[in-house]
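As given, the protein sequences belong to chains C and H, one line each in that order.
For the first sequence, this note's numbering gives the first residue as 488, with consecutive numbering after it.
For the second sequence, this note's numbering gives the first residue as 488, with consecutive numbering after it.
There are 2 protein chains.
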Amino acid sequence: MTGTNGVFMDDRQVSKVGSKALLKRMNRMRVLNTVRERAHIGRAEVADITGISRASVTYLVGELVKDGWLIEYDKGETTQAGGRPPILLQFNPDAMYAVVVMIGSERTTVAVGDGNAHMRYRETQPSVLGRSADEVVDVVVDMIGRALDTSGVDRQRVGGVAIGVPGLVDAHNSIVHYSARLPVMRDIDLGSMIATRVGLPVMVENETRLIGWGELKFGSGRGYSPLVCVSVTLGIGSCIILEDRMLSGSSYSAGQFGHMTIDEHGPLCECGNRGCWEALASSAAVLQRARGLDAAWAAEPTIPAILDAVKNGDRQAGKLMHETAVHLGIGLANIINIVNPSIIVLHGKMFEAGDAFLQTIRQTVSSRALKLPALNTRLIVSELGEQAGLAGGVTLVMRSVLESPLEQRANPFYV
Amino acid sequence: MTGTNGVFMDDRQVSKVGSKALLKRMNRMRVLNTVRERAHIGRAEVADITGISRASVTYLVGELVKDGWLIEYDKGETTQAGGRPPILLQFNPDAMYAVVVMIGSERTTVAVGDGNAHMRYRETQPSVLGRSADEVVDVVVDMIGRALDTSGVDRQRVGGVAIGVPGLVDAHNSIVHYSARLPVMRDIDLGSMIATRVGLPVMVENETRLIGWGELKFGSGRGYSPLVCVSVTLGIGSCIILEDRMLSGSSYSAGQFGHMTIDEHGPLCECGNRGCWEALASSAAVLQRARGLDAAWAAEPTIPAILDAVKNGDRQAGKLMHETAVHLGIGLANIINIVNPSIIVLHGKMFEAGDAFLQTIRQTVSSRALKLPALNTRLIVSELGEQAGLAGGVTLVMRSVLESPLEQRANPFYV
DNA sequence: CGAGGTTAAAACAATAAGTGAATTAACCTC
DNA sequence: GAGGTTAATTCACTTATTGTTTTAACCTCG
């Protein structure tokens, strides 16, 4: 369509011809993001940080204030040796709201969040597993409607809907191509199906990628690049974000380390291959192996039950989790060697297994990864937890509103 | 220095503030590259392809012609139903020359190439292995001097020197941080050392990354993105290029798949880890294993000797190469799963082992990689061979000349 | 308390890149 | 050679950025 393959989520911008509109969008975003990241900041400092001239910053900030994205929240606090105090700027979280839907294999969640990813509303329903695609759409549309009606936010200010789905998603066209967990989602144009019924722009993205966005913009990965986010649940999902761009690949599966072989002779994986990371270190793998053990918690094992057993000093459980930590470490070492990220954010219940578990992971990483990249990679556990995906949805919606061509968008805020 | 980590080789551009100069550089490059890629093209078609207006294209092409980058090589050949024929444009390979140096562990090569990466001069010397850093600089400076003197190209038209080194290179600052093959190269500011003595801009880059650039711009990978280039020699080098940007990582080691674990219980690697791809599938690994065999060619094995043995039906050699192909395939499958590239270019003598060898690789890949990304990935053997690195050097020099701010550069061509 | 200093923000005029519309150039066919 | 067609150029216009100047708002010190 555009000629070059869509590799980044936002390659429209980069590969588009350089027009004055593009220039302005770039600088506008730059100013807005600078204020968002370092709040309590005046125009002059924004100019210094961004490198944009003071005159342009004044102009752009003026527009952003007029449109409601920024607020001049305080006049005060002079700097240094006297001089006029800056007019302090702040991102206005109420400029825009986003509806975020997470269609998981364990539950369905809909939330409404403001620009700071604070959720004003939330509803959780059982998983849609087993339903048809149309039924899934019905459920989601229903939940979105209820969210819009009862959350109390001004519908005019809702910038759009972001939907997270486990599986292969063409985020450009909002199409779900394939999902191992939700098999009915096969080449489904989820975006259009929902957009026509809720009357809002709809974006669809892979679940783990939403989590990655959340961690990058609101979580412990704030500002790092390249960022790798690894989410361990039944499978292992992951993504790579580079300078605010999601690495997408030629068919939407870049950054997925789950099916990386780390043991060529290892156990068979769902995908047909042997020794995938996911077959050795996911929750599913742990549960699978637990079932083969002889213990009370092993009859119908759950991750929390196993973690409990570890806490109570159960030898078998301890060994199981130790081995899992080693396998996680091997995969993480690979990520470090291959991607050389500045941060890896670890996501999922399993990382609440305690210090010993993390210790084993870290030891494995530092013994198996190359020294230099290992030293340069922060390995941290998500603080956002379940919130990450929702926050990521807010990010997507906000970007889409901000980056859509100015002309095309009747400015909905403070007109 | 720039605030954000240098992730792409050319992030100056992307992260820099949007100025009119940037805009012009972008469009200029776009026009130039369009003409380079689809030669025999008129201004109107360039405008259609790039999306830039006809007026701007006229202006930009005019400037590029004036500066000597493009030539109006023919007036003829009208299109369709009459009408003025376009003035056909062509990239002018003589607009700029580049000196390219490859400091390998087996030899040192210096070449002078034109804008089409045709080499006008070449000299090869034995490897600098064992020499001190200063001696290496002496050798290189000497060779560059001879190249400039005897190649016959106008020194005014030499845009710079590109140097390829096996190892960890900070291409931004032209510093070689570490090299397993040339251990004296440790935190050496090779760029400055050579630049001051030859009086030309000098760029330093990792050997495999130069090969990748060559394949992308002049080889079989032309225009593909994302492109992965894998070079199998004693070790395994590799790189990832995305939309004309080299993936660099937070400490210059992104895209290196050599030390990716594919067998956690595998043999010990030089790096201290177990089962690295490089420890299982590189030439060194093959030679190592060959030495353990009982055959005439196994006493002092070389890759050509082993390949010969295979051709002559030697069972042991056949098995050895088959297993190597499988290991190569496993690593390539990982690359496909992780990066989801649209092409992987295979580089190195080993890929001349014949159809059976490649067949085994392909079979392994298609049985072990995920179906969709595997279908979307072309797996091809380099046509450029030894030339690739040299061509890549030309690319780097040309980019640096074209992308340097217009004001700063006294235009050396056709003034 | 007011003059002089300092910094921030706004206003203004200048610059320059991209673009649409109009014009000119170069070819075709009938 | 008239009318049609497409390419390239020219020109007037728009607009984003910028350097400079001006105004605003604070400080300190005598």
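By construction, the Cβ of each residue, glycine as well, lies at the ideal position given by its N, Cα and C atoms.
For residue i, the three-state DSSP class (helix, strand or coil)
i: A649(C); result: strand
i: F744(H); result: coil
i: E907(C); result: Because chain C is modelled from 488 through 902, residue 907(C) falls outside the range shown and cannot be assessed.
i: A585(C); result: strand
i: G753(H); result: coil
i: M672(H); result: coil
i: I574(C); result: coil
i: S854(H); result: helix
i: L687(C); result: coil
i: G724(H); result: strand
i: L734(H); result: strand
i: V832(C); result: strand
i: L871(H); result: coil
i: L780(C); result: coil
i: E890(C); result: helix
i: E787(H); result: coil
i: G678(C); result: helix
i: R642(C); result: helix
i: G490(C); result: Residue placement at G490(C) cannot be trusted, given a pLDDT of 29 that sits under 50; what the coordinates show is reported in the next sentence. Of the three classes helix, strand and coil, the one that applies to G490(C) here is coil, per DSSP.
i: N908(H); result: No information on residue 908(H) is available, as it lies outside the stretch 488 to 902 that chain H covers here.
i: D636(C); result: helix
i: A840(C); result: coil
i: S707(H); result: coil
i: A667(H); result: coil
i: S769(H); result: coil
i: N898(C); result: In this prediction, N898(C) has a pLDDT of 39, which is less than 50 and means its spatial position is unreliable; what the coordinates show is noted afterwards. In this structure, N898(C) counts as coil in the three-state DSSP scheme.
i: P860(H); result: helix
i: R802(C); result: helix
i: A620(H); result: helix
i: P713(C); result: coil
i: G816(H); result: helix
i: M496(H); result: The predicted model places M496(H) with a pLDDT of 34, which falls under 50 and marks its position as unreliable; any figure quoted below should be read in that light. Correct three-state label for M496(H): coil.
Which residues DSSP lists as bridging residue i, in chain order
i: P613(C); result: R594(C)
i: D657(C); result: I662(C)
i: M606(C); result: G600(C)
i: S928(C); result: Chain C is shown from 488 up to 902; residue 928(C) falls before or after that span and cannot be answered.
i: L866(H); result: I831(H)
i: L729(H); result: R732(H)
i: C763(C); result: T748(C)
**OP:** Give a yes or no on contact between the segment 501–520 of chain C and the segment 502–519 of chain H, applying the rule of three or more CB pairs nearer than 8 Å.
**Re:** Inter-segment contact for the segment 501–520 of chain C and the segment 502–519 of chain H is present: three or more beta-carbon pairs are separated by less than 8 Å.
Original post:
According to a CB-to-CB cut-off of less than 9 Å, which residues of the segment 509–538 of chain H neighbour chain C?
Top reply: So the close ones are L509, L510, K511, R512, M513, N514, R517, I536, T537, G538.
**OP:** For the segment 844–856 of chain H, enumerate the residues whose C-beta is nearer than 7 Å to any C-beta of chain C, in chain order.
**Re:** If the cut-off is 7 Å between Cβ atoms, the segment 844–856 of chain H has R855 near chain C.
Original post:
So, do the segment 858–871 of chain H and the segment 703–717 of chain H have three or more beta carbon pairs nearer to each other than 8 Å?
Top reply: The segment 858–871 of chain H, when compared against the segment 703–717 of chain H, does touch it at the 8 Å Cβ threshold.
Subject >> At least three beta-carbon pairs within less than 8 Å, the segment 594–609 of chain H to the segment 620–635 of chain H >> reply: The segment 620–635 of chain H and the segment 594–609 of chain H touch, with three or more beta-carbon pairs separated by less than 8 Å.
**OP:** Pair every Cβ in the segment 680–695 of chain C with every Cβ in the segment 819–831 of chain C, then say whether three or more of these pairs are closer than 8 Å.
**Re:** Counting Cβ pairs under 8 Å, fewer than three are found: no touch.
Subject >> contact_flag[the segment 733–748 of chain H, the segment 764–777 of chain H] where n(CB pairs < 8 Å) is 3 or more >> reply: With the cut-off at 8 Å, the segment 733–748 of chain H and the segment 764–777 of chain H touch.
Subject >> Within the segment 503–566 of chain C, ranges of the alpha helix (DSSP H) (whole runs, at least 4 residues) >> reply: Scanning the segment 503–566 of chain C for uninterrupted alpha helix (DSSP H) segments of 4 residues or longer gives 507–524, 530–537, 541–553, listed from N- to C-terminal end.
Original post:
Any contact of the segment 654–668 of chain C with the segment 690–702 of chain C, i.e. 3+ C-beta pairs under 8 Å?
Top reply: By the Cβ criterion, the segment 654–668 of chain C is in contact with the segment 690–702 of chain C, since at least three pairs of Cβ atoms, one from each stretch, lie closer than 8 Å.
**OP:** Pair every Cβ in the segment 579–597 of chain H with every Cβ in the segment 556–565 of chain H, then say whether three or more of these pairs are closer than 8 Å.
**Re:** Result yes; three or more Cβ-Cβ pairs closer than 8 Å.
Subject >> Residues of the segment 749–768 of chain H with Cβ closer than 9 Å to any Cβ of chain C, in chain order >> reply: Hits within the stretch, in order: I749, D750, E751, H752, G753, C758, G759, N760, R761, G762, C763, L767.
Original post:
Are three or more beta carbon pairs between the segment 717–737 of chain H and the segment 835–849 of chain C nearer than 8 Å?
Top reply: They do not touch, by the three-pair rule.
**OP:** Compile a chain-ordered list of the residues in the segment 809–821 of chain H whose CB is closer than 9 Å to at least one CB of chain C.
**Re:** Those would be V813, H814, I817, G818, A820, N821, in chain order.
Subject >> Interface positions of the segment 820–841 of chain H facing chain C (Cβ-Cβ less than 8 Å), listed along the chain >> reply: Result list: A820, N821, N824, I825, V826, N827, P828, S829.
Subject >> Residues from the segment 712–736 of chain H in contact with chain C, defined by Cβ distance under 7 Å >> reply: Of all residues in the segment 712–736 of chain H, only S712, P713, L729, E730, G736 place a beta-carbon less than 7 Å from a beta-carbon of chain C.
Original post:
Are the segment 537–545 of chain C and the segment 529–536 of chain H touching by the rule of at least three beta carbon pairs closer than 8 Å?
Top reply: The segment 537–545 of chain C and the segment 529–536 of chain H do not touch, with fewer than 3 CB-CB distances between them shorter than 8 Å.
**OP:** Could you name the residues of the segment 767–785 of chain H whose beta carbon sits closer than 8 Å to any beta carbon of chain C, in the order they occur along the chain?
**Re:** Close to chain C, meaning a Cβ-Cβ distance shorter than 8 Å, is no residue of the segment 767–785 of chain H at all.
Subject >> Segment contact flag, the segment 588–595 of chain C with the segment 643–653 of chain C, C-beta cutoff 8 Å, min 3 pairs >> reply: The segment 588–595 of chain C vs the segment 643–653 of chain C: in contact.
**OP:** Report the residues of the segment 854–877 of chain C with a CB closer than 7 Å to any CB of chain H, ordered along the chain.
**Re:** Cβ contacts with chain H: R855, L857, L859, P860, N863.
Original post:
Given 8 Å as the limit, is there contact between the segment 769–782 of chain H and the segment 797–817 of chain H, that is, 3 or more CB pairs closer than that?
Top reply: Contact between the segment 769–782 of chain H and the segment 797–817 of chain H is present: 3 or more CB-CB pairs across the two stretches fall below 8 Å.
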